[in-house]
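Peer 1: Chains as they are written, first to last, in the working numbering: chain F, -11 to 243; chain R, 1004 to 1303; chain P, 172 to 432.
Using N, Cα and C, we set each Cβ at its ideal position, and we do this for glycine too.
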Amino acid sequence: MNKILTIAENTFKEAIRDKILISITVVGFLLMASSKIFVPISIGQAPKIIKDFGISIVEIFGVFIVIFIGTRIFHQEIERKTIFSIISKPVSALEFVAGKFLGLYYLIVVVQILLFLIFLIFSKFYLRTIDIYLFNVLYFLLFEFLLLDAVAIFLSCFMTPLTSGITALLLFFIAHLTFYLKDLTELLKVPGLSALMNFPYYVLPNFSVFNVKSTVIYHLPLSIHSYLLAFSYSLLYSFVLIIFSSFLYSKKEFV
Amino acid sequence: MKILDIKSLVKIYRSPFLMKKSIGIDGLDLEIEEGEIYGLLGPNGAGKTTTLKIITGLLQPTSGEIKLFGNLGPLEARNKLGFLPENPSFYPNLTGEELLRFYAKLYNKNLSKKEAKEKLAMVGLENNINKRIGAYSKGMIQRIGFAQSIIGDPDFIVLDEPLSGLDPLGRREIKDLIVEVNGKGKTVLFSSHILSDVEAICSRVGIIIDGKMKQIGTIRDILGRETKYIEIEFEEVKEPEKFKKYGEIKIEASTNFLRIESEKTRNKVVKEIINKGGKIISVIPVKRTLEEHFINTINE
Amino acid sequence: MKRLLFGLILLLFLALIEIKGFRWIPKQQREELLYFPSNKFVKAITGGFDILLADFLWIETGTYFGKHRLSDKSYPYLYHMLNIITDLDPKFIPPYTLGTILLTTNAHQSNLALEFLDKGMRDNPELWQIPFTKGFIYYIHNKNPKEASKWFLLASYKKDAPELALKFATWTLIQGKGVEITLHLYLNLYESSSSPIFKEKAIEGITKTLSNQYKKFYIDKNYYAQSIFTLYKAGYLPFIPEIPGGVFTIKDGEIVFQQFQ
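(1) Within 8 Å (strictly less), CB to CB, does Asp6 of chain F reach chain R?
(2) Am I right that Ile1154 of chain R and Leu1075 of chain R are in contact with their C-beta atoms under 8 Å? What's the rounded C-beta distance?
(3) Listing by chain order, which chain F residues have their CB less than 9 Å from the CB of Pro1088 of chain R?
(4) Over what stretch of residues does the beta strand (DSSP E) that includes Arg68 of chain F continue unbroken?
(5) On the three-state DSSP scale, how would you describe Asp40 of chain F?
(6) Of all the CB atoms in chain P, is at least one closer than 8 Å to the CB of Asn199 of chain F?
(7) Assign Asn1302 of chain R to one of two classes, buried (16 or more other C-beta atoms within 10 Å of its C-beta) or exposed (fewer than that).
(8) Counting only Cβ pairs nearer than 7 Å, list the residues of chain R close to Val79 of chain F.
(9) Alpha carbons only, please: which of R:Asn1133, R:Met1022, R:Glu1037 is nearest the one belonging to Gly1188 of chain R?
(10) So which of P:Ser242, P:Asp243, P:Leu241, P:Phe236 has the shortest CA-CA distance to His251 of chain P?
(11) Buried or exposed: where does Gln300 of chain P fall if 16 or more other Cβ atoms within 10 Å of its Cβ makes it buried?
(12) Would you report the Cα separation of Ser320 of chain P and His207 of chain F, rounded to the nearest angstrom?
(13) Would you mind reading off the limits of the beta strand (DSSP E) that contains Asp1200 of chain R?
(14) Starting from Leu1084 of chain R, find everything on chain F with Cβ-Cβ shorter than 9 Å and list it in chain order.
(15) Would Leu1012 of chain R pass as an interface residue toward chain F - the criterion being a Cβ-Cβ separation below 8 Å?
(16) Bridge partners of Met1216 of chain R, per DSSP?
(17) Can you list, in chain order, the residues of its chain whose CB lies under 7 Å from that of Glu203 of chain P, leaving out five sequence neighbours each side?
(18) Run down chain P in chain order and give the residues with a C-beta less than 8 Å from the C-beta of Phe41 of chain F.
(19) Any residues in the segment 1042 to 1071 of chain R with a beta carbon nearer than 8 Å to a beta carbon of chain F? Which ones, in chain order?
(20) So within the segment 254 to 284 of chain P, which uninterrupted alpha helix (DSSP H) runs reach at least 4 residues, ignoring any that extend past its ends?
(21) In the DSSP assignment, what are the bridge partners of Pro1031 of chain R?
(22) Here's the rule I'm using: 16 or more other beta-carbon atoms within 10 Å means buried, otherwise exposed. How should Glu1121 of chain R be labelled?
(23) Say whether chain P places a C-beta atom closer than 8 Å to the C-beta of Ile154 of chain F.
(24) Output the boundary residues of the alpha helix (DSSP H) element that contains Leu1114 of chain R.
(25) Which residues in chain F have a C-beta closer than 9 Å to the C-beta of Leu1078 of chain R? List them in chain order.
(26) What separation, rounded to the nearest whole angstrom, lies between the Cα atoms of Asp1224 of chain R and Thr(-6) of chain F?
(27) Leaving out five residues before and five after Phe323 of chain P in sequence, what residues of the same chain have Cβ atoms less than 7 Å from its Cβ?
(28) Which one of F:Phe17, F:Phe56, F:Val46 has the shortest CA to CA distance from Ile154 of chain F?
(29) Taking C-beta pairs closer than 7 Å, name the residues in chain P that Phe104 of chain F reaches, listed in chain order.
(30) Is the shortest distance between the beta-carbon of Phe276 of chain F and the beta-carbons of chain R less than 8 Å?
(31) Only counting the same chain, and skipping five residues up and downstream in sequence, which positions put a Cβ closer than 7 Å to that of Ala1124 of chain R?
(32) Can you tell me where the beta strand (DSSP E) with Lys305 of chain P in it begins and where it stops?
(33) Indicate whether at least one CB of chain R lies closer than 8 Å to the CB of Thr148 of chain F.
(34) What's the call for Ile231 of chain F, buried or exposed, on a 16-neighbour Cβ count within 10 Å?
(35) For the candidate residues R:Glu1176, R:Asn1278, R:Phe1159, whose alpha-carbon lies nearest to that of Lys1005 of chain R?
(36) Check Val418 of chain P in the structure and name its three-state DSSP category.
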């Protein structure tokens, strides 16, 4: 565990010092600040739109970090050849992969919390109020990104950064509509087809588990089951992906 | 005890789509005893780096047997291994101190800031403690690379071109360090193109050509006791060109240099010079260098 | 330096092309960009950002409405946009309440508006605002007090429904309560949204109602009322409607809303 945390800490340090955090924070700050423009054009719905926009920015930046940094995380080590000095040390493939995964996750958590705080500040400034219920979104986002992080790590074990980035993004979008496929199978009632359609629903990561923005914005109640599902689904699925990633990684060669 | 025992090592590279294959190592045998400094020589593309990468786990062999520290498992073996890759690269945003402490933790060792500074001082980087690796020169990278290879106090240190990029002073310092760690009982395996450096510190040398080990032995064994030629410097002889019959002669203003190939004619030539009223300045037997032997071996 | 100058000259040409040339982009093409394909397709591709997209579409709807209000007064895609918004965000109520009013009064598609409100009630059975709006449309535009009463009554059963809902449920069935109900409905519309469009709509509705009573007064009495207060005193108005920031008054023989300076 110590080695995993060591690699995680190193990954986080490297990313932070790459000035990515400052860039994201500045851009996020500017975008949140710009949400004021919705006030005159929102036909009376400024509070809702400002909240939706703010939360979406927090989520979008998380996706951005995973897609652009997470999918490059191994490739960069190989490109820079820093991998040689790690693999030759007594570090197992699982420790290395888990360390990278955790390090990226530290970065995502810091960015999400920072942007969320900026959002709350602007919320107070523009709407004169802070909606405490919105903290629920943060809980679900953190688990969503745990899983997306694991997906990006897994894909980057056997794809180039560009391909894994596009695939991760596609999976993120597709995963929100797998329940449509399931509905379709129930409508069509074709045996072979239903198995085929059910496959993506059950196998692909289902990010709709974490999509509570609508529920939270409208102050609708969240069941304890939603919290538990997000927590357990995210942890388990991520764990499985990391195990598979470490297996793939152990077969890699570094010429 | 044998630190490393390689038998019939083969490494074949296959390109994924074209299914072309190229042979990196073609049946290599290599044994390294505890406490040695072993030099691995070979032309570019011979398989030196491939061999070192297989030893350190960066590449997998296609076939053959590798035993590191007897029969230790890979992770256990790497716990006693230190490695400096060729043209090393490290995390640009860490300082030298942070880098060493990071690598130490991978050996489950906690390096204090003070100890990290001492290690940096050992490789001549004491004035760059807080400098980021990204700002290091090539020579500094090489030095910190050496430092990280010994950070876990390994028993076996593998160095791929450790002297590359260093100025003469730096090369001297690293060579001294290699000898110093060897003096503490560590075994060192290193590859180098700088043959004079290999000659200076290695106890044994292996020459790899086309993925095969062509020659192994001590420097003395490889180069032999034979003298290449004897150079006699003399002066005050009239008509020194008459000594051409014994060998190649270089006549300069005040002194002459005669090269004779056979030890047997040496005494005869010296006597003749003295009889002709000449003065012997020096008689030097010149042995073959490792570089000359190496080039000969490749050309064969 | 030469390269920079050359770059600036190219930039100028580019700007010229944009200013002079962009007007030639076919207008129809721009209009069609407003049209989205199937609602479900749109929902499927949002990747979890459906409520944000709904918000942007709501803003776009406002722009679309405003543009056509000032030009051809035709809104062929209004219903479709509102439909997509509510598919993306079923809990977003203003398309149901305020959107259907525009659909009825401006797009003259009250039947579509009523169907749309049924959809809203399926997605939000707990809300009083949607059946209330249905009652509004039936009463004000379809002139069907019986149907209106039904929907006001349904609204009154919902949680947090205002007392007005139950009052309207009974008043719509009583003769002579029409003006009172209409004024209350428009005042309710004014208070329910901060959007200028809907406030304007509410003032329009109240002005129209007052004008009808003003005309009725003349028909009955053969002379024009001097003030709104006169209409109230004569029993033609149940109360004098008040809107903050202005007052309803008679000017040059017409009912107008005069804003305070």
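Peer 2: Judging by the given coordinates:
(1) The sequence position of residue 6 of chain F within the first sequence is 18, counting from 1. Chain R, which has a Cβ nearer than 8 Å to the Cβ of Asp6 of chain F, makes this yes.
(2) By one-based count along the second sequence, residue 1154 of chain R stands at place 151. By one-based count along the second sequence, residue 1075 of chain R stands at place 72. Not quite, the Cβ-Cβ distance comes to about 20 Å (not below 8 Å), so this is no contact.
(3) Looking up residue 1088 of chain R in the second sequence gives position 85. Result: Lys69, Phe72, Ser73, Ser76.
(4) The residue you call residue 68 of chain F lines up with position 80 of the first sequence. Note, Arg68 of chain F: premise wrong, no beta strand (DSSP E); alpha helix (DSSP H) at 61 to 68.
(5) Residue numbering aside, residue 40 of chain F sits at position 52 when the first sequence is read from its first letter. In the three-state scheme derived from DSSP, where H, G and I count as helix and E and B as strand, Asp40 of chain F is classed as helix.
(6) Counted from its first residue, the first sequence places residue 199 of chain F at position 211. So yes, Asn199 of chain F belongs to the interface.
(7) The residue you call residue 1302 of chain R lines up with position 299 of the second sequence. It counts as exposed.
(8) Within the first sequence, the letter at position 91 stands for residue 79 of chain F. Here the neighbours are Leu1109.
(9) Position 185 of the second sequence holds residue 1188 of chain R. The shortest CA-to-CA distance from Gly1188 of chain R to any of R:Asn1133, R:Met1022, R:Glu1037 is the one to R:Glu1037.
(10) Here residue 251 of chain P refers to the residue found at position 80 when the third sequence is read from its first residue. His251 of chain P has its Cα closest to that of P:Phe236, out of P:Ser242, P:Asp243, P:Leu241, P:Phe236.
(11) Against the third sequence, residue 300 of chain P aligns to sequence position 129. Buried is the label assigned to Gln300 of chain P, since at least 16 other Cβ atoms lie within 10 Å of its Cβ.
(12) Stepping through the third sequence from its first residue, residue 320 of chain P is reached at position 149. Stepping through the first sequence from its first residue, residue 207 of chain F is reached at position 219. So the alpha carbons of these two residues sit roughly 31 Å apart.
(13) In the second sequence, the residue the question calls residue 1200 of chain R occupies position 197. It is not in any beta strand (DSSP E) - Asp1200 of chain R instead sits in the alpha helix (DSSP H) that spans 1198 to 1204.
(14) Within the second sequence, residue 1084 of chain R is the residue found at index 81, counting from 1. Simply Ser76, Lys77, Pro78.
(15) Counted from its first residue, the second sequence places residue 1012 of chain R at position 9. Not closer than 8 Å to any Cβ of chain F, the Cβ of Leu1012 of chain R fails to qualify, so no.
(16) Translated into the one-based positions of the second sequence, residue 1216 of chain R becomes position 213. Beta-bridge pairing links Met1216 of chain R to R:Ile1211.
(17) For this step, residue 203 of chain P is matched to residue 32 along the third sequence. Caution applies to Glu203 of chain P, whose pLDDT of 46 falls short of 50 and renders its modelled position unreliable; the value that the coordinates give is listed next. Taken in chain order, the list of residues that qualify is empty.
(18) Residue numbering aside, residue 41 of chain F sits at position 53 when the first sequence is read from its first letter. In chain order: Leu223, Asp226.
(19) Those would be Lys1056, Thr1059, Gly1060, Leu1061, Leu1062, Gln1063, in chain order.
(20) Listed in chain order, the complete alpha helix (DSSP H) runs (minimum 4 residues) inside the segment 254 to 284 of chain P are 265 to 276.
(21) The residue given as residue 1031 of chain R occupies position 28 in the second sequence. Sequence check: residue 1031 of chain R is Leu here, not Pro. According to DSSP, which records beta bridges pairwise, Leu1031 of chain R is partnered with R:Leu1012.
(22) Here residue 1121 of chain R refers to the residue found at position 118 when the second sequence is read from its first residue. An exposed status is given to Glu1121 of chain R, since fewer than 16 other beta-carbon atoms sit within 10 Å of its beta-carbon.
(23) Stepping through the first sequence from its first residue, residue 154 of chain F is reached at position 166. Judged by the 8 Å Cβ criterion, Ile154 of chain F is not in contact with chain P.
(24) Sequence index remark: in the second sequence, residue 1114 of chain R carries index 111 (1-based). In the DSSP annotation of this structure, Leu1114 of chain R is not part of any alpha helix (DSSP H), being labelled neither H nor E.
(25) In the second sequence, residue 1078 of chain R corresponds to position 75, counting from 1. Pro78, Val79, Ser80, listed in chain order.
(26) As a working note, residue 1224 of chain R is residue 221 in the second sequence. As a working note, residue -6 of chain F is residue 6 in the first sequence. Near 47 Å, if we compare the C-alpha coordinates of Thr(-6) of chain F and Asp1224 of chain R.
(27) Here the question's residue 323 of chain P lines up with position 152 in the third sequence. Hits under 7 Å: Phe303, Gly306, Ala336, Phe339, Ala340, Thr343.
(28) The sequence position of residue 154 of chain F within the first sequence is 166, counting from 1. Ranking the options by Cα distance to Ile154 of chain F, first place goes to F:Phe56.
(29) Here residue 104 of chain F refers to the residue found at position 116 of the first sequence. Ordered by position in chain P, no residue passes the 7 Å Cβ test against Phe104 of chain F, which lies about 16 Å from the chain.
(30) Lying before the first or after the last residue shown, residue 276 of chain F is absent from chain F, which here runs from -11 to 243.
(31) Taking the second sequence and counting its residues from 1, one reaches residue 1124 of chain R at position 121. So the list is empty, once near-sequence residues are dropped.
(32) The count along the third sequence starts at 1 and reaches residue 305 of chain P at position 134. DSSP places Lys305 of chain P outside any beta strand (DSSP E); the residue lies instead in the alpha helix (DSSP H), whose first and last residues are 300 to 311.
(33) On the first sequence, position 160 is the one that residue 148 of chain F refers to. No, no contact with chain R.
(34) One-based indexing of the first sequence puts residue 231 of chain F at position 243. So Ile231 of chain F ends up on the exposed side.
(35) Start at 1 with the first residue of the second sequence, and residue 1005 of chain R comes out as number 2. The residue with the shortest Cα to Cα distance from Lys1005 of chain R is R:Phe1159.
(36) In the third sequence, counting from the first residue as 1, residue 418 of chain P sits at position 247. Val418 of chain P falls in the strand class under three-state DSSP.
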